[in-house]
Amino acid sequence: MTSSLYQSSAANTATVDACMSLQNVTISYGKFEAVKNVFMDIPRGRVTAFIGPSGCGKSTVLRALNRMNDLIPGCKLKGRVVFDGHDLYDPRVDPVEVRRRIGMVFQKPNPFPKSIYENIAFGARINGFKGDMDELVERSLRKAAVWDECKDKLRESGFALSGGQQQRLCIARAIATEPEVILMDEPCSALDPISTLKIEETMHELKRSYTIIIVTHNMQQAVRVADQTAFFNAEAVEGGTGKVGYLVEFNDTERIFNAPGQQATQDYVSGRFG
Amino acid sequence: MPTDPNPALNADAFTLRRRPPAEKVVDLGFRQLTLLLASTVAIVLLGIFLTVFQGAREAIATFGLNFLTTSNWDPVNEQYGAFIAIYGTLVSSLLALLIAVPLGVGTAIFITEDLIPTALRDAIGLMVELLAAIPSVVLGLWAIFVMEPAIRPALNLLHSLLGWSPFFNTVPQGPGMAPAILILVVMVLPIITAISRDALNQVPIELRQGAYGVGTTRWGAIFSVILPAAISAITGGVMLALGRAMGETMAVTMIIGNALNFDLSLLAPGNTIASMLANQFGEADGIQVSALMYAALILMVLTFSVNVAAQWIVRRLSLRY
Amino acid sequence: MANPAPITYATSALFDRRPLHFDPSLRRNRFNLLFTTIAGVFAAIAVLPLVLVLVHVLVQGGRLISFGMLSQLPPPPGLDGGGIGNAILGTILVTLIASLIAIPVGVGGGVYLSEYSSRGWFAQFVGFGNDVLAGVPSIIAGVFVYGVVVTTRIFFDQSYSAMAGGIALAVLMLPTVIKTTDEGLKLVPQELRWGAYGVGASKFVTVTRITLPSAFTPIATGVVLAIARAAGETAPLIFTALFSPFWPEGVFSPIATMSVLIFNFAIMPYEVQNALAWAASFVLVMMILGANLLARWISRMAKV
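Residue numbers (this note's numbering), protein chains in the order written: chain D, 80 to 353; chain Y, 246 to 566; chain G, 19 to 322.
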């Protein structure tokens, strides 16, 4: 894969093989801009975290990366999101195809009302899986570190699992389709600390094979799992009613937390607001 | 102890610190009154059953279970069998449902799944709701003068193509089972659509996102995730619609032809229990009244079973969503 | 920045990987288009009867509407002219009787279920019975009232009467009114009741002054819809209120109603009577659609 289409916009990541590239992205709901003028190159094979206060648009940006925002009436995107040499928002692009290559794990565990086995097999099947399904189910559950809890009840409903197990089932569901990128929208916000820890371990496993982008409220989590961190903030617009989000800073996680380039980032990571 | 400087805070300003006995009586009386009013439901239900059962006893004693399987309805010789009406009730309502379920569920999907702009969805939803408000008798009038003449060519075509089959071997001549089934479709369609729409709207957004997140198409998500999650409520709604179709009276009475002879053909006139009651009850006397009550009892048992089954399905099959 | 460690990318050998471009010839996309089209056609079919019925009722019935039509008696079979004045009056009267019975009983029953019952076995039984009663075919309600009121001549030795018709319609309205009251009251926040008890209000005062008024909108909406439905009912009236070619002679005599008039006149072989049936349909449909719009307006007013 070459990165010929990738256009450098931020010097700090120019040497990295960019997996996804956001070029002047502005997303609005109806008349209100949720987040504006985002430029960033998300490196391949790394974990990238989006952090920032509530309402800064970090989830909105994440959902824009596999066109999940299409499901929200009135949501519009300006700018380009380049993936694999294509602008994902080109009218010729099929959002279904996009989501098959960019998987997603959601805030609340949302297993399908099917058996554990079917929860995994369903996505693989619609993606045209040609191999051994039993093996794929086992491999995916193992990768998501939930195989031991599931192996004796594959035919039972996905709801038979605890919340943390359900979320790892959803991760297994996402990786079963072998996407190139996995988006995670605050995957641990509904979970207890032990489940959270297990999912973070899972992420460390996964980043060897996938590009992971995670939105998190928890700065420690960003420090623990992310190679790169993007800090978003929101500011009141003059004369407007709401706040509009923007990207403040995007750099190695270590730099963001120890030597940020912006005062706002410094304030946020040191817990002075947000 | 200094006197209270503010007279409004003086306890004597409140003359009702102690509840007067009358207030307690009113309180208790109101409770008993509402209890009595709530019991009305049970009393009316019991009254309906007893009235119909009492009226039917003579016919039950005379005709027994043969009433269900014989088809002569002969007031002159006082011989009664309700097979035609029972058969007609079941066939008309089941066939109507067979047509109405795909139409209603399809419409519900069309107006919940973001296939068209919201304004258009709301407009279609409103129109289906208003269709439910049109009185049955008006639909019957429309069926006699507009619908039946309009569909007659299609029924003739059906006859010429499938006339070899016993279900289509009569020439359509006005009223009959087929137009009655179609008007039943019109009547149960709003129920099925409304209940399916509610059921689909209750499927949580997270589940839809999960389906789209693994890369399903819209209809892939509908068939494999959204419909399975909504199926129990939809099935319950379909059962309610079945109950409604079996008891539906006016429009069917006006268009079904009220036949006294049995005919398998859907193009021939038929009869249902409800339309038999509507036609004959006012002028019947003697054992005919009792025979009609017997038929009414059968209709009640049918609709009761279907409605109870509907409630059971909704309760038992409901998933966690 | 250090170069990233060697990465084993997700293998896609086991999956079909296509370009991102939308390909309408793909099986799944053709399938999608096919089903969207089918659903659209089904929706069009579902809407079609309403449009056709409304057009015919408006055109066939609307053109006949005149002052004479609304104020005269129907003509004897075979003669021209006449109107549906008695039937309009009769429908209003019978529906009014039904409302006067069903609304107090239904609201009271709903209050019991929601405020007093503590959801014990009796309340569950009444709730279940209410659902069963709602599913009883309307003609059976007619049979019931025929057996209890008409044949027993319970009212001043009169058999068929407006009163009997009103009672039959009330039986049909009752479950709806109970259900809307119960559900409307459930929507009232618990804090409001606690607030009233907190200042020492009795349960009676709390229910009648605080709880019921705050649930007014949903209850009123449901009641208006129940009245509209009852006004169009025919089956329970055929052998309770019967019919009359004359002006109403009080609540204990047979009475004409628009719905029974439509039924009787639709199946007569006279064009004059058929036309009167269309005119009555027009008036009835207008009244019922008006009530439906009123119900919508009530619930929208409350949201603002």
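Glycine included, C-beta positions come from ideal geometry on N, C-alpha and C.
Indicate whether at least one CB of chain G lies closer than 9 Å to the CB of residue i.
{"i": "GLN299(Y)", "result": "yes"}
{"i": "MET246(Y)", "result": "With a pLDDT of 47 at MET246(Y), under the threshold of 50, the modelled position of this residue cannot be trusted; read the value that follows with caution. So, not an interface residue."}
{"i": "LEU281(Y)", "result": "yes"}
{"i": "GLU284(D)", "result": "no"}
{"i": "LEU156(D)", "result": "no"}
{"i": "ARG442(Y)", "result": "no"}
{"i": "TYR566(Y)", "result": "Confidence in TYR566(Y) is poor, its pLDDT being 41 and thus under 50, which makes the residue's placement unreliable; the coordinate value appears in the next sentence. No, TYR566(Y) does not count as interfacial toward chain G."}
{"i": "GLU176(D)", "result": "yes"}
{"i": "VAL433(Y)", "result": "no"}
Quick one: is residue i near chain D, going by C-beta distance under 9 Å?
{"i": "GLN447(Y)", "result": "no"}
{"i": "LEU52(G)", "result": "no"}
{"i": "ALA474(Y)", "result": "yes"}
{"i": "PHE40(G)", "result": "yes"}
{"i": "PRO37(G)", "result": "yes"}
{"i": "THR357(Y)", "result": "no"}
{"i": "VAL553(Y)", "result": "no"}
Quick test of your reading: residue i and residue j, contact by CB under 8 Å. State the CB separation rounded to the nearest angstrom.
{"i": "MET491(Y)", "j": "LEU547(Y)", "result": "6 Å"}
{"i": "PHE185(D)", "j": "GLU451(Y)", "result": "6 Å"}
{"i": "SER219(D)", "j": "ALA239(D)", "result": "Contact flag wrong, Cβ pair sits at about 18 Å."}
{"i": "VAL459(Y)", "j": "ALA253(D)", "result": "7 Å"}
{"i": "GLY421(Y)", "j": "PRO514(Y)", "result": "5 Å"}
{"i": "LEU141(D)", "j": "VAL117(D)", "result": "About 11 Å separates the two Cβ atoms, so there is no contact after all."}
{"i": "GLN291(G)", "j": "PHE281(G)", "result": "That pair is no contact at about 11 Å."}
{"i": "ARG247(D)", "j": "GLU279(D)", "result": "Not quite, the Cβ-Cβ distance comes to about 11 Å (not below 8 Å), so this is no contact."}
{"i": "THR252(G)", "j": "ALA105(G)", "result": "12 Å between Cβ atoms; not a contact."}
{"i": "THR517(Y)", "j": "THR334(Y)", "result": "4 Å"}
{"i": "MET191(G)", "j": "ALA244(G)", "result": "5 Å"}
{"i": "THR54(G)", "j": "ALA249(G)", "result": "At roughly 39 Å, the Cβ-Cβ gap does not stay under 8 Å, so THR54(G) and ALA249(G) are not in contact."}
With distance defined between alpha-carbon atoms, name the residue in the options nearest to residue i.
{"i": "PHE549(Y)", "options": "VAL286(Y), ILE369(Y), LEU487(Y) and THR279(Y)", "result": "LEU487(Y)"}
{"i": "GLY134(D)", "options": "ARG146(D), TYR108(D) and ARG247(D)", "result": "TYR108(D)"}
{"i": "ARG287(D)", "options": "VAL126(D), LYS115(D), SER100(D) and PHE118(D)", "result": "VAL126(D)"}
{"i": "PRO122(D)", "options": "PRO339(D), ILE292(D) and LEU141(D)", "result": "ILE292(D)"}
{"i": "SER132(G)", "options": "LEU230(G), GLY96(G) and SER220(G)", "result": "LEU230(G)"}
{"i": "GLY153(D)", "options": "THR344(D), ARG234(D) and ILE106(D)", "result": "ILE106(D)"}
{"i": "LEU326(D)", "options": "CYS98(D), ALA97(D), PRO188(D) and ALA113(D)", "result": "ALA113(D)"}
{"i": "HIS39(G)", "options": "PHE162(D), ASP231(D) and LYS222(D)", "result": "PHE162(D)"}
{"i": "VAL150(G)", "options": "SER510(Y), PHE294(Y), ASP508(Y) and MET495(Y)", "result": "PHE294(Y)"}
{"i": "GLY292(Y)", "options": "TRP315(G), PHE162(G) and LEU97(G)", "result": "PHE162(G)"}
{"i": "ARG45(G)", "options": "GLY465(Y), GLU393(Y), GLN525(Y) and THR314(Y)", "result": "GLY465(Y)"}
{"i": "GLY138(G)", "options": "LEU348(Y), LEU280(Y), ALA330(Y) and GLY527(Y)", "result": "LEU280(Y)"}
{"i": "ALA304(Y)", "options": "ASP530(Y), VAL559(Y) and SER535(Y)", "result": "SER535(Y)"}
{"i": "SER410(Y)", "options": "LEU434(Y), GLY326(Y), ARG489(Y) and LEU511(Y)", "result": "LEU511(Y)"}
Within 9 Å (strictly less), CB to CB, does residue i reach chain Y?
{"i": "TYR134(G)", "result": "yes"}
{"i": "VAL184(D)", "result": "yes"}
{"i": "ILE25(G)", "result": "Only weak support is given to the placement of ILE25(G): the predicted model assigns it a pLDDT of 40, under 50, and the value that follows is read from those uncertain coordinates. Taking Cβ atoms only, chain Y never reaches closer than 9 Å to ILE25(G), which makes this a no."}
{"i": "PHE60(G)", "result": "yes"}
{"i": "VAL69(G)", "result": "yes"}
{"i": "ARG247(G)", "result": "yes"}
{"i": "PHE336(D)", "result": "no"}
{"i": "ARG46(G)", "result": "yes"}
{"i": "ALA238(G)", "result": "no"}
{"i": "ARG252(D)", "result": "yes"}
{"i": "TRP296(G)", "result": "yes"}
{"i": "THR105(D)", "result": "no"}
Do residue i and residue j have their C-beta atoms within less than 9 Å of each other?
{"i": "PHE336(D)", "j": "ALA309(D)", "result": "no"}
{"i": "PRO67(G)", "j": "VAL431(Y)", "result": "yes"}
{"i": "GLU265(D)", "j": "HIS296(D)", "result": "yes"}
{"i": "GLY240(G)", "j": "ILE228(G)", "result": "no"}
{"i": "ALA541(Y)", "j": "ILE185(G)", "result": "no"}
{"i": "ASP213(D)", "j": "GLY243(D)", "result": "no"}
{"i": "GLY79(G)", "j": "GLY101(G)", "result": "no"}
{"i": "LEU544(Y)", "j": "ALA519(Y)", "result": "yes"}
{"i": "ILE196(G)", "j": "ALA283(Y)", "result": "yes"}
{"i": "ALA475(Y)", "j": "ALA456(Y)", "result": "no"}
{"i": "PHE257(G)", "j": "TYR178(G)", "result": "yes"}
Subject >> Contact list for the segment 480 to 495 of chain Y against chain B, Cβ threshold 8 Å >> reply: Here chain B cannot be found, since the structure's protein chains are D, Y and G.
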